[in-house]
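Quick notes on the structure that follows.
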Amino acid sequence: MSTIKMHHTVWMVLALFTTSLAAEHPSLLITAQEARQMQQALGRYPLFDKTFRQIKAEMDSVLQQPIDVPPPGEAGGYEHERHKQNYREMQKAGVLFAITGDKKYAEFVKNMLLRYAKMYPTLG
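In my numbering, the protein residues as written are 92 to 215.
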C-alpha cells in the first residue's frame, strides 16, 4: 500500500470510528468526544500528524478554488466523479472543522451544500 493511501486510510478509520452505538450530538461523521480524542492525538502519533498535515494542506488548497457543482451527467463521467470528489472534500472539511474549530472548513461545507440546494430545489 502506498504511503499516501495508508495515510488516507488511517485518516478515514480515525474519522469514521465511533465508540458508541448511541448517537451523540453532534455526530454526523464523528462525535464531539471523538473530535477531542483526535485533538489530543495531535503531536503524539507521527503518522496521524503527517496525515493531518497532508489533509489540512490539501483542503486549504481546495478552499482557494471556486466550488464546482456541475449539473447531473453520465455515470462515470466528469460530473459523476466531481460529485464524488465534492463528497470527499466535504467529509474532510467537516472532520477538520471538528478537530480544529476553524470555521473556514464549516463555511466550505455550508457553501457547497447551498450550491447543491440551489441546483436541486425539489430534491427531498
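Every residue gets a Cβ at the ideal spot worked out from N, C-alpha and C, and that includes glycine. All of these numbers come straight from a predicted model, not from anything done at the bench.
Query                                                                                                                                     : Result
If you follow the alpha helix (DSSP H) that Y196 is in, where does it begin and where does it stop?                                       : K194 to M210
Among the residues of its own chain, which have a CB less than 7 Å from the CB of L205, if the five just before and after it don't count? : none
Cβ atoms of P162 and M203: under 8 Å apart, would you say?                                                                                : no
Could you check whether I190 and M129 sit closer than 8 Å to each other, using their CB atoms as the reference points?                    : yes
Quick test of the definition: if touching needs 3 or more C-beta pairs under 8 Å, does the stretch 140-155 touch the stretch 180-199?     : yes
Could you check where the alpha helix (DSSP H) with V160 kicks off and where it finishes?                                                 : First-last for V160: undefined, no H or E at that position.
Going by beta-carbon coordinates alone, are D159 and R179 separated by less than 8 Å?                                                     : no
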